[in-house]
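Participant: Dropping the structure in here first, questions after.
Written as structure tokens, this is what we have:
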């Protein structure tokens, strides 16, 4: 497997982990299943507007006294109220509890028999309007409890000449419903139906439609029913019941499902589609030059060692400390730096005062400045003592050293990199930053807690954040993964790889004679830039070749990592 493909796969895997991890977090928010939740919620809607609900409550902690539900519509006991309303027929409570109702007018109704009046003040202070349920005067022990409600509903039906539309809000602010089953009995008169829930699955048994789904905490659970006429409810004339049904379904049901689907898909789009597409469009090489595995000459002497490190050691366009070390070795080779002593504690490096810096580029001048700065205290820089030297520096001196090293490791060389590598037309890092700030802007703009879309409304914030993180990983990948070597430059890149193979393998380095010292010095400088300077120095020692540059290569590399 080539280095390029390896980095491509690493980028895809990391982006995929980020996406799937974010998706898991959103799903955990959607369905955390706390100590108290509804294990099963069964609803049956029958002809004539009769509605039955059966809750299986799971109570996981003590300290509670009520098992209840409340409605957004006016709730009354049977035979009371008028207009759009729900009439409670009965409540079946577990043993040891009493059923009650607080209606839309705030009046408390005790539905169980033989209940002492002293409990009324508890209901008055605790119950919501339009709330019915079971009160446990001695508290609720952890366990499962089944509560059944029976109603007759008188909803407002929006009707035209042919159809009637009913929107039945079963829940919005509630504990999690782990499993929901809805029975719509005698559906022969039903033209269309939709459910606002999660992972909705339909089936039909005779004339009964059965719907299975689940409902996260504080998430709306609704029925949208389009009838051909209606046998119950209060009719209100509208221009088109079908249009109202379609509009509600589109803006509430389909939009919520789209948000959930987008969260599922967003985790996969960047790693499985965008990254491979970027690689195919801008990263995959179209040339296939033939270069031997080993090369015994410097491929391009016009490049300085630091430029070789920039372009060919790792990710094209980035440098490491070997660029500095190689430049020091090269400046010693060319006489701009003077070495006294041998490897170890005695080795000292100073700037040659007899040569001006006219022939040096800006990067090499920065390295000269670094050596001058490290030589101020003793008049010469001892690489082995760099750590002790830094410890003795003042805070301002350490900041200055940090600035010099930062400039050397982040040297602006885009024009040089641009001559060798072409990159995607858009800045991946720029897009990542824009999406990052966009996610926070949306956090302020969107009502994420709306029961209609919660918890999948979180995806409006999560998706740009996840994609931003994934694109950030893409931006950190070596530039040649999503860029392409320009014509003729891939061959040079492979030649430098072959040259590094030669320097890395001691057995492949030709046996040089003492008169070849100039060649060895050159190899040492470029080998240090490519990260194999230690191998070249070892080969020189094996052949009895002793030069100050080899001592510098060994000592400087360790001394600069402060």
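In the working numbering, the protein residues as written are 61 to 622. Virtual Cβ for every residue (Gly too), placed ideally from N, Cα, C.
Only counting the same chain, and skipping five residues up and downstream in sequence, which positions put a Cβ closer than 6 Å to that of residue 629?
Facilitator: An answer regarding residue 629 cannot be provided, because it is not within the stretch 61 to 622 covered by the chain.
Participant: Would you list the one or two residues that DSSP bridges to residue 239?
Facilitator: Paired residue(s): none; residue 239 is not in a bridge.
Participant: Inspect the beta-carbon positions of residue 352 and residue 558 and report whether they are closer than 7 Å.
Facilitator: Yes, the pair counts as a contact, with Cβ atoms nearer than the cut-off.
Participant: Let me know the alpha helix (DSSP H) ranges lying completely inside the segment 441 to 471, each 4 residues or longer, listed in chain order.
Facilitator: You should have 446 to 452 and 455 to 469.
Participant: On the CB-based measure, 16 or more other CB atoms within 10 Å of its CB, does residue 146 come out buried or exposed?
Facilitator: It is buried - the Cβ of residue 146 has at least 16 other Cβ atoms within 10 Å.
Participant: Using the C-alpha atoms, what's the distance from residue 165 back to residue 185?
Facilitator: Answer to the nearest angstrom: the Cα atoms are 14 Å apart.
Participant: Are the beta-carbon atoms of residue 96 and residue 239 separated by less than 7 Å?
Facilitator: Result no, Cβ atoms of residue 96 and residue 239 do not sit closer than 7 Å.
Participant: Does the segment 281 to 288 come close enough to the segment 221 to 230 to have 3 or more Cβ pairs within less than 8 Å?
Facilitator: At 8 Å Cβ cutoff, the stretches touch.
Participant: For residue 379, which of 391, 423, 419 and 338 has the nearest alpha-carbon?
Facilitator: Of the listed residues, the one whose Cα sits closest to residue 379 is 423.
Participant: Could you check the C-alpha separation between residue 98 and residue 118 for me, to the nearest Å?
Facilitator: Near 6 Å, if we compare the C-alpha coordinates of residue 118 and residue 98.
Participant: Pick out whichever of 237, 344 and 499 has its Cα sitting closest to the Cα of residue 91.
Facilitator: Minimum Cα distance to residue 91 is reached at 237.
Participant: Could you pull the DSSP bridge partners for residue 104 from this structure?
Facilitator: The partner list for residue 104 (beta bridge, DSSP) reads 112 and 243.
Participant: What span of residues does the alpha helix (DSSP H) with residue 207 cover, start to end?
Facilitator: Segment 203 to 214 is the beta strand (DSSP E) holding residue 207; no alpha helix (DSSP H) there.
Participant: I need the straight-line Cα distance from residue 235 to residue 276, nearest angstrom please.
Facilitator: Rounded to whole angstroms, residue 235 to residue 276 spans 8 Å at the Cα level.
Participant: Taking only runs that begin and end inside the segment 506 to 576, name each unbroken alpha helix (DSSP H) of 4 or more residues, in chain order.
Facilitator: Runs found: 518 to 536 and 549 to 564.
Participant: How do the segment 153 to 165 and the segment 200 to 213 stand: do at least 3 beta-carbon pairs fall below 8 Å, yes or no?
Facilitator: Short answer: they touch.
Participant: Quick one, which of 321, 270 and 441 has its alpha-carbon nearest residue 103's?
Facilitator: Residue 270 is the option with its Cα nearest to residue 103.
Participant: What residue from 362, 217 and 244 has the CA that sits closest to residue 304's CA?
Facilitator: When only C-alpha atoms are compared, the closest one is 217.
Participant: Looking at the secondary structure, which residues open and close the alpha helix (DSSP H) in which residue 600 lies?
Facilitator: Element bounds for residue 600: 593 to 602.
Participant: Bridge partners for residue 282 per DSSP, in chain order?
Facilitator: Note: residue 282 sits in a beta bridge opposite 229 and 256.
Participant: For the beta strand (DSSP E) containing residue 329, list its first residue and its last residue.
Facilitator: Looking at the DSSP string, residue 329 is not in any beta strand (DSSP E); the run it does join, the alpha helix (DSSP H), is 315 to 329.
Participant: Could you name the residues of the same chain whose beta carbon sits closer than 7 Å to that of residue 517, not counting the 5 residues immediately before and after it, in chain order?
Facilitator: The answer, listed in chain order, is 319, 506, 508 and 510.
Participant: At the level of alpha carbons, what is the spacing between residue 601 and residue 546?
Facilitator: Looking at the two C-alpha atoms, the distance is approximately 39 Å.
Participant: Please report the distance separating the alpha-carbon of residue 148 from that of residue 266.
Facilitator: Taking the straight line from one Cα to the other gives about 28 Å.
Participant: Quick one, which of 588, 548 and 130 has its alpha-carbon nearest residue 278's?
Facilitator: Measuring from the Cα of residue 278, the nearest candidate turns out to be 130.
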